[in-house]
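>
There are 2 protein chains.
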Amino acid sequence: MVEAWLIAPIMAVVSILAGFYIHDFVKKQDAGTEKMQFVAGAIKEGARAFLNRMYKTLAYFVIGMAIVLLVFLPVPIWSTPNIMDNIVLAVGYVFGSICSGIAGWMGMDVATDANLRAASAARKGISKSFPIAFRGGAVMGTSVIGLALLGVSIIYGLTGDPNVILGFSFGASALALFAKAGGGIFTKTADIGADLVGKVEFDLDEDDPRNPAVIADNVGDNVGDVAGMGADLFDSYVASMMAVTVLGSVLGGYLVELPLVYAGLGAIASLIGIFAVNVKEGQDPGVVLNRGTYVTVGLFLVLSYAANMMLGYNIRFWYAAAVGLIAGVIIGFTGDYFTDINKTPAKLTAESSVTGAAVNIITGFSYGLYSTFPPMVGVGLAAWISYVVTAPLGPGYGVYGIGIAAFGMLSIVGIVVANDSFGPIGDNAKGIAEQGGLDHETIHILDKMDAAGNTSKAITKGFAIGAAGLTVISILATFKEVAEVTLGTEVIFDLMNPLVMLGALIGVAMPAVFSAQLMLGVGRNAERMIEEVRRQFREIPGLIEGKEGVRPEYGKCVDIATAGALKELLPATVTAIVVTLLVGFIFGIEALGGYLAGCIFSGLVFALLMSNAGGLWDNAKKYVEDGHLGGKGSDAHHAAVIGDTVGDPFKDTAGPSLNTLITVIGLVANVFLPLILMYAIF
Amino acid sequence: MVEAWLIAPIMAVVSILAGFYIHDFVKKQDAGTEKMQFVAGAIKEGARAFLNRMYKTLAYFVIGMAIVLLVFLPVPIWSTPNIMDNIVLAVGYVFGSICSGIAGWMGMDVATDANLRAASAARKGISKSFPIAFRGGAVMGTSVIGLALLGVSIIYGLTGDPNVILGFSFGASALALFAKAGGGIFTKTADIGADLVGKVEFDLDEDDPRNPAVIADNVGDNVGDVAGMGADLFDSYVASMMAVTVLGSVLGGYLVELPLVYAGLGAIASLIGIFAVNVKEGQDPGVVLNRGTYVTVGLFLVLSYAANMMLGYNIRFWYAAAVGLIAGVIIGFTGDYFTDINKTPAKLTAESSVTGAAVNIITGFSYGLYSTFPPMVGVGLAAWISYVVTAPLGPGYGVYGIGIAAFGMLSIVGIVVANDSFGPIGDNAKGIAEQGGLDHETIHILDKMDAAGNTSKAITKGFAIGAAGLTVISILATFKEVAEVTLGTEVIFDLMNPLVMLGALIGVAMPAVFSAQLMLGVGRNAERMIEEVRRQFREIPGLIEGKEGVRPEYGKCVDIATAGALKELLPATVTAIVVTLLVGFIFGIEALGGYLAGCIFSGLVFALLMSNAGGLWDNAKKYVEDGHLGGKGSDAHHAAVIGDTVGDPFKDTAGPSLNTLITVIGLVANVFLPLILMYAIF
């Protein structure tokens, strides 16, 4: 019998080919007017320039870390029995970084082609425009699946060593964290700059071509939302695969190949889901997007059940995967309640704007706090149920079950990323249409797509956070498992052990510190951007009056956002890695276990709080802009805009980076575990 | 030899007498002009009315809970071997509620006499006014020490049963939580109402007598800050004593009386510290307040060392107490850095106001996030060091050491509460002086006292949070200890046990939910208040013009704040208790242990974040008002006022209630432990 796990590399290649096919389809579409092409060209150029410069900067970090790994891990080079282990680990790490980088690049490149074509096609109706935007975004999804599965399969096929998959995962995650932080700072620098000067001081509309920061803002959507989110889910996807593989390798049997089989089936389900999504004229694109998700979930459950039967896997693993997947969907949809423009929280937050910005912020923040409860309970229940379901198989099977639940959640990553990337493409398409001077009808169609994108984004964000939660719980389990195997004794993270408690207390504070660093970075950088935008309005004659032929210097704003993001992205990330290592090397593995748990706890809470409060403020503002409570230009609107601006770095910089942060911290701990066991002080 | 622990009841009586003596001293001072007396009378009347109505409402809760305890605990009445146990526990619970209530009442009553006299004496200089304000506040401190120590001593003397002290502590804490939540909602309802209409819409100064909400605002300072903070520290003080007593009773020997001896010595040190604080003309009152704290800390360390030698206690316990105390001081002072008006965070936050309210809020919030790190590490290190110091004495001694560290921190509770109550009295005195039309010179003196009060408040808040952190860790330890004794097996809160993880994930979300409920309560109530203030300005002829003899209807605003606070304080608190019981009865004690730890983690982080960000926004606003960045009335000032208003419920409602919340949750778990062991589902 052919080895079942080969479905993973096969589907990896199919996914990558599907990406190329879609790219080809997108490129064939009509590229609109010259004016539109100019705007789209500027966006594409800015996005590529940023990604190039970021990757160049990160290359130093990757090389430095690769050398550290080469010299010290898994065993210091001077005492290693087999130097090949060190080389393979370092190579695996670099390979992970590269795969993650390529996936981000591919997805973003198609997105910046699709935005123009979607804008152009919108002139002929939503049924023409939607497939371009959605499939354009889907390439980010197929790239994630393709490169992640291909990378893991190659390593598994060549070495069969879970430790190398760990190195691969660490490479992918560290790069994801940088990409997420850098993209998040870029996008919000540009957004705040464009809003506070353009909208508030000069009363321009969103995407007005006179605004010097408008191109930077559009670029930000691509580097922050498309490439950043892709990197984020790439990271969770690979990390959860790593965790299950490590846990499975301890147990033996088919448990190592099982996640690869499920991953391959998830890829099939996602691809079918992606191609099944289509909008007819007059249909609500939001409903269609959700239907695509349901189809994929259903398909995956059927396919994996069938595979389970055919391959003789124990049905309990399928239960665990189903628990995770269903929990992910439920968490995603409850998150939607707290941000949806038609639900109570958004409406009450909008209404509170009448009393001023302060009450708007207090109300939105409070609902953000509320919104943490259901997903935290959901993650906890999913972990517990998947444990209970698989634990009867023997010791070690319970935590393996948690890993499978995480992986089940992430199996449909293709459609999740596709849904998510649809948002910024629709947003960009609208920007291009506005700046290209398209008619009102067309812009209204793109508006509807933009709104659908926002809703599906809220759902996928909840999904991403839930998946990250379960994934890092599994990473904590692998940490313990590997420590036990290495030490040959039981390791317990007992909360009453004061070292565990100390670690947990430090860990709980870490996501807060990380968020603070990113947000202060945005604040500092936004001030520079604001100065530059004001300068251009002051010094470029005829700009604000909209004189024919006068254009702002878009490139300078892109440069400021780029330089600032690159300057600010390293300190926060490096701090997090260094503190993790300090805790481990000073206080030992029990403290480090507590620290990881603490990071997970507060990382999830802050991620949910910030993402949901941010989304809520955004929609409360939109509710006012839709004409309620005095509409645009009213006092309530001004208050709601302040809330929305506070929410910007919450939901697009700090919040979504926290998923990746906790994964990276978990992987750092796992990668450096052998050294910590040797050299920890306490 | 006389029993050493008797120093506790003796010092309790001495403290209470000192309180009466001070009250007498305060009452003898000049009570100022008739206009001042009218204002002060209105404040006193409003404060008494609120406290009376709150206590009446709470009486139902206390009676209900007492019946529950009587019927079910420690053993259900139908199967109890000794019904007296149930009766004594219920009585202890009611007694704790009453002691906490009386302490709050006494402290607040003196405070509302001292504010008027301090205002009046300020006309003769700061050296006359300061002692009145400070000693007036000190009565809250002596009342806390006196009633807490007396209550615990009586129970210890009569029953010698730590379980009854647990009941007493539960009673005190539950009442404290209500008082803190109720007072916090009252004070911020009034404050926001007074600010947003009076200051922002009608450009009135702070404490302008034409503002209908001004008296309610002054009342709020007393019920929120004096009575609320007193109740908060009463609760931590008793809870930490309870924890050490329970842990000590398991170990036997002098370990049960040791905390009582330390408490008595702490009372001596605090009383001396209180009377040593005096300000000469031209001296900075802030410096004097801090000196009082140092004197008390030094004295306590010397006295307790001497007692340790004389009574032959192991020196390791003294080390543990010293670790806790010193950690408390350090945590307090690092907290000060993040809020002090002359330090970088406040200045940068003020400067960011130039870019608008949104950037002000992002910056302040970010520094608030940063500020969580040092105290979390501090609490963790204090717990770990005190454990390491005492653990060599044998099993069970390590966690006892953590309890002693918590108690060491709280030994100087008298001076801490005194420092803290000084703030609102100075604030009130200034309000009375403004409304009484005193001269500029006098108001300037009171301004300086107000500023000193704000600084010392920042320090004591950090102190209170640190102490609560260590206390709840000890409560978690008693929970485990009692569970082990009852079950006769080892109980481990292993983070890799999915029930512990589930509990922790739910627990982490709980403080967020609680904060949200309180802050939404403030928001809702503030809207009512704003309507009422606007109505009065609209409907009372001559009010806004300041026509002689026209007075706003102060009482109506006090009524709105009262009614709203009473309506909002129950749901949040009851939810927290119910969720705790649900977790315990459904998922069992391991989940409940994880849940407690989760509550501690996020409770501390959110308490620090909210208290410090709130204080920071307040001082950033003051920095602008001092004439920087355009001064009062500038755009930067408007932005800073919005930040300050967001910070109001952060720092005065939700933030400081969280200490109490986590203590109450810990005590609920401990009190209901026997039932949970019998009836839990999983």
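These protein sequences, in sequence, are chains A and B. Just so you know, the working numbering puts 96 at position 96 of the first sequence, and the rest follows in order with no gaps. Count along the second sequence from 1, add 682, and you get the number used in the working numbering. By construction, the Cβ of each residue, glycine as well, lies at the ideal position given by its N, Cα and C atoms.
1. Could you please tell me which residues of the region 479-499 of chain A, in chain order, have their CB closer than 7 Å to any CB of chain B?
2. On a Cα-Cα basis, can you pick out the residue from B:1317, B:1230, B:1088, B:889 that is closest to residue 922 of chain B?
3. Below 8 Å on the Cβ atoms is my contact criterion, and I expect residue 704 of chain B with residue 821 of chain B to pass it. Report the Cβ-Cβ distance as a whole number of Å.
4. Which value, in whole angstroms, describes the spacing of the CA atoms of residue 10 of chain A and residue 487 of chain A?
5. Examine chain A for any beta-carbon lying closer than 8 Å to the beta-carbon of residue 1091 of chain B, and answer yes or no.
6. So with CB distances below 7 Å, who are the chain B contacts of residue 384 of chain A?
7. Where does residue 885 of chain B fall in DSSP's three states?
8. How many Å lie between residue 908 of chain B and residue 861 of chain B at the Cα?
9. Tell me whether residue 63 of chain A is buried or exposed, calling it buried when 16 or more other Cβ atoms sit within 10 Å of its Cβ.
10. What is the DSSP secondary structure of residue 626 of chain A, reduced to helix, strand or coil?
11. Does the beta-carbon of residue 683 of chain B have 16 or more other beta-carbons within 10 angstroms, so that it is buried, or is it exposed?
12. Is residue 1 of chain A helix, strand or coil when you go by DSSP?
13. Taking the alpha-carbon positions, what's the residue 800 of chain B to residue 816 of chain B distance?
14. Once the 5 residues before and after residue 1085 of chain B are set aside, which same chain residues still bring their CB inside 6 Å of it?
15. Would you give the residue range spanned by the alpha helix (DSSP H) that residue 635 of chain A belongs to?
16. Between residue 590 of chain A and residue 499 of chain A, how many whole angstroms is the CB-CB distance? I'm expecting something under 8 Å.
17. Taking 6 Å as the limit between beta carbons, can you name the residues of its chain near residue 71 of chain A, skipping five residues before and five after?
18. With a threshold of 7 Å on Cβ separation, who are the neighbours of residue 616 of chain A within its own chain once the five nearest residues in sequence on each side are excluded?
19. Report the partner residues of residue 494 of chain A according to the DSSP bridge assignment.
20. Looking at the structure shown, is residue 485 of chain A part of a helix, part of a strand, or coil, going by DSSP?
21. Can you name the residues of chain B whose CB is closer than 9 Å to the CB of residue 477 of chain A?
22. How about residue 609 of chain A: is its C-beta nearer than 8 Å to some C-beta of chain B?
23. Could you tell me the alpha carbon to alpha carbon distance between residue 24 of chain A and residue 112 of chain A, rounded to whole angstroms?
24. Is the shortest distance between the beta-carbon of residue 1201 of chain B and the beta-carbons of chain A less than 8 Å?
25. Output, in sequence order along the chain, the residues in the region 1275-1290 of chain B whose CB is closer than 8 Å to any CB in chain A.
26. Check the Cβ of residue 1209 of chain B against every Cβ in chain A and list those closer than 7 Å, keeping chain order.
27. Could you pull the start and end residues of the alpha helix (DSSP H) that residue 226 of chain A belongs to?
28. Shorter than 8 Å from the beta carbon of residue 683 of chain B to some beta carbon of chain A?
29. Considering only the beta carbon of each residue, do residue 1054 of chain B and residue 1290 of chain B sit closer than 8 Å?
30. Quick one: Cα of residue 723 of chain B to Cα of residue 1131 of chain B, how far?
31. Provide the residue span of the alpha helix (DSSP H) that contains residue 314 of chain A, from first to last.
32. Would the beta-carbon of residue 1438 of chain B fall within 8 Å of that of residue 1150 of chain B?
33. Interface residues of chain B around residue 649 of chain A at Cβ under 7 Å?
34. Can you name the start and end residues of the alpha helix (DSSP H) that residue 716 of chain B belongs to?
35. Would you verify that the beta carbon of residue 1048 of chain B is, or is not, closer than 8 Å to some beta carbon of chain A?
On the basis of the coordinates in this document:
1. 480, 492, 493, 494, 495, 496, 498, 499
2. One-based indexing of the second sequence puts residue 922 of chain B at position 240. Selected option, being the one with the closest Cα: B:1088.
3. As a working mapping, residue 704 of chain B is identified with position 22 in the second sequence. As a working mapping, residue 821 of chain B is identified with position 139 in the second sequence. The Cβ separation is near 5 Å, so the contact holds.
4. Within the first sequence, residue 10 of chain A is the residue found at index 10, counting from 1. Within the first sequence, residue 487 of chain A is the residue found at index 487, counting from 1. If I take the Cα positions, the gap works out to 38 Å.
5. By 1-based counting over the second sequence, the position of residue 1091 of chain B is 409. Closer than 8 Å: no.
6. Within the first sequence, residue 384 of chain A is the residue found at index 384, counting from 1. Result: 1180, 1181, 1184.
7. Residue 885 of chain B sits at position 203 when you count from the first residue of the second sequence. Three-state DSSP puts residue 885 of chain B in coil, outside helix and strand.
8. If you number the second sequence from 1, residue 908 of chain B lands on position 226. If you number the second sequence from 1, residue 861 of chain B lands on position 179. Answer to the nearest angstrom: the Cα atoms are 11 Å apart.
9. The residue given as residue 63 of chain A occupies position 63 in the first sequence. It counts as exposed.
10. Along the first sequence, one-based indexing puts residue 626 of chain A at 626. Residue 626 of chain A falls in the coil class under three-state DSSP.
11. Here residue 683 of chain B corresponds to residue number 1 of the second sequence, with the count starting at 1. Confidence at residue 683 of chain B is low in this model, with a pLDDT of 47, below 50, so its placement is unreliable and the value that follows should be read with caution. When all chains shown are included, residue 683 of chain B counts as exposed.
12. Here the question's residue 1 of chain A lines up with position 1 in the first sequence. Legend: pLDDT at residue 1 of chain A = 47, less than 50; position of this residue unreliable, value from coordinates given subsequently. Looking at residue 1 of chain A - three-state DSSP - the assignment turns out to be coil, as it is neither helix nor strand.
13. Residue 800 of chain B sits at position 118 when you count from the first residue of the second sequence. Residue 816 of chain B sits at position 134 when you count from the first residue of the second sequence. Rounded to whole angstroms, residue 800 of chain B to residue 816 of chain B spans 9 Å at the Cα level.
14. Taking the second sequence and counting its residues from 1, one reaches residue 1085 of chain B at position 403. Around residue 1085 of chain B: 925, 926, 929, 1156.
15. Translated into the one-based positions of the first sequence, residue 635 of chain A becomes position 635. Start and end: 635-649.
16. For the purposes of this step, residue 590 of chain A is identified with residue 590 of the first sequence, where counting begins at 1. For the purposes of this step, residue 499 of chain A is identified with residue 499 of the first sequence, where counting begins at 1. The Cβ separation is near 5 Å, so the contact holds.
17. Position 71 of the first sequence, counting from 1, holds the residue named residue 71 of chain A. Here the set comprises 77.
18. Within the first sequence, residue 616 of chain A is the residue found at index 616, counting from 1. For residue 616 of chain A, where only same-chain residues beyond five positions count, the Cβ hits under 7 Å are 338, 339, 345, 346, 349, 364, 367, 368.
19. Against the first sequence, residue 494 of chain A aligns to sequence position 494. In the DSSP output, where bridge partners are listed per residue, residue 494 of chain A has B:1176.
20. Within the first sequence, numbered from 1, the residue matching residue 485 of chain A stands at position 485. DSSP places residue 485 of chain A in helix when its eight states are reduced to three.
21. Mapped onto the first sequence, residue 477 of chain A falls at position 477. Within chain B, the residues near residue 477 of chain A are 1178.
22. Translated into the one-based positions of the first sequence, residue 609 of chain A becomes position 609. It does; some Cβ of chain B falls within 8 Å.
23. On the first sequence, residue 24 of chain A is found 24 positions in, with the first residue counted as 1. On the first sequence, residue 112 of chain A is found 112 positions in, with the first residue counted as 1. Between residue 24 of chain A and residue 112 of chain A, the C-alpha separation is close to 13 Å.
24. Along the second sequence, one-based indexing puts residue 1201 of chain B at 519. Cβ-Cβ to chain A under 8 Å: yes for residue 1201 of chain B.
25. 1275, 1276, 1279, 1280, 1283, 1284, 1286, 1287
26. Numbered from its first residue, the second sequence carries residue 1209 of chain B at position 527. Correct list: 355.
27. By 1-based counting over the first sequence, the position of residue 226 of chain A is 226. Looking at the DSSP string, residue 226 of chain A is not in any alpha helix (DSSP H), and its letter there is neither H nor E.
28. Residue mapping note: residue 683 of chain B aligns to position 1 of the second sequence, counting from 1. Note that residue 683 of chain B scores 47 on pLDDT, short of 50, meaning its location in the model is unreliable; the coordinates nonetheless yield the value given after this. Judged by the 8 Å Cβ criterion, residue 683 of chain B is not in contact with chain A.
29. Start at 1 with the first residue of the second sequence, and residue 1054 of chain B comes out as number 372. Start at 1 with the first residue of the second sequence, and residue 1290 of chain B comes out as number 608. In this structure, residue 1290 of chain B lies closer than 8 Å to residue 1054 of chain B by Cβ.
30. Along the second sequence, one-based indexing puts residue 723 of chain B at 41. Along the second sequence, one-based indexing puts residue 1131 of chain B at 449. Roughly 22 Å separates the two Cα atoms.
31. For the purposes of this step, residue 314 of chain A is taken as residue 314 along the first sequence, with counting starting at 1. That residue, residue 314 of chain A, is in no alpha helix (DSSP H); it is neither H nor E in DSSP.
32. Limits of chain B in this structure are 683 at one end and 1364 at the other, which puts residue 1438 of chain B out of reach.
33. The sequence position of residue 649 of chain A within the first sequence is 649, counting from 1. 1044, listed in chain order.
34. Position 34 of the second sequence, counted from the first residue, corresponds to residue 716 of chain B. Per DSSP, residue 716 of chain B belongs to the alpha helix (DSSP H) from 716-754.
35. Position 366 of the second sequence, counted from the start, is the residue given in the question as residue 1048 of chain B. So, interface residue.
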